[in-house]
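For what it's worth, our numbering labels the leading residue of the sequence shown as 43, then goes sequentially.
Each remark here refers to the structure printed beneath this line.
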Amino acid sequence: MAIIGIILHTLKDKTDEVRAKVEATDDMQVYGLHEEKYLVVVGEMPSETLEKRLEKWEKTDGVLAVYTTYVNVEDEQD
């Protein structure tokens, strides 16, 4: 499993809605909020799904941008 840290830059009035969507997933958790529009999120998922998952968040209503801050796939076996 890959561990990923991301920042979801949201529209200020959609932050709570986006946060609820993140918290509804089984493999991602919100760890903080900065300036009422940047959600700090950590996820753990198979590395082969990372790109599609990030693309999905980029297309989510209320999300302006997705910034990857950390990715670790070191513990995954081939």
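Ideal Cβ placement from N, Cα and C applies to all residues, glycine included.
Just so it is clear, the structure is predicted and the values come from calculations on it, not from any experiment.
### Residues sharing a beta bridge with Leu-50, DSSP
Per DSSP, the beta-bridge partners of Leu-50 are Leu-81, Val-108.
### Query
Closest to Leu-81 by CA distance: which of Tyr-112, Glu-116, Met-43, Asp-58 is it?
Ranking the options by Cα distance to Leu-81, first place goes to Asp-58.
### Query
What residues are listed by DSSP as bridge partners for Glu-59?
DSSP output for Glu-59 lists no bridge partner at all.
### Query
Where DSSP assigns a beta bridge to Val-113, which residues make up the other side?
DSSP output for Val-113 lists Ile-46 as bridge partner(s).
### Message
Between Lys-54 and Glu-78, how many whole angstroms is the CB-CB distance? I'm expecting something under 8 Å.
### Response
The pair is a contact, with the Cβ atoms about 6 Å apart (cut-off 8 Å).
### Message
Using only CA atoms, which one of Val-72, Ala-66, Ser-89 lies nearest to Ile-45?
### Response
Put simply, of Val-72, Ala-66, Ser-89 the residue whose alpha carbon is nearest the alpha carbon of Ile-45 is Ser-89.
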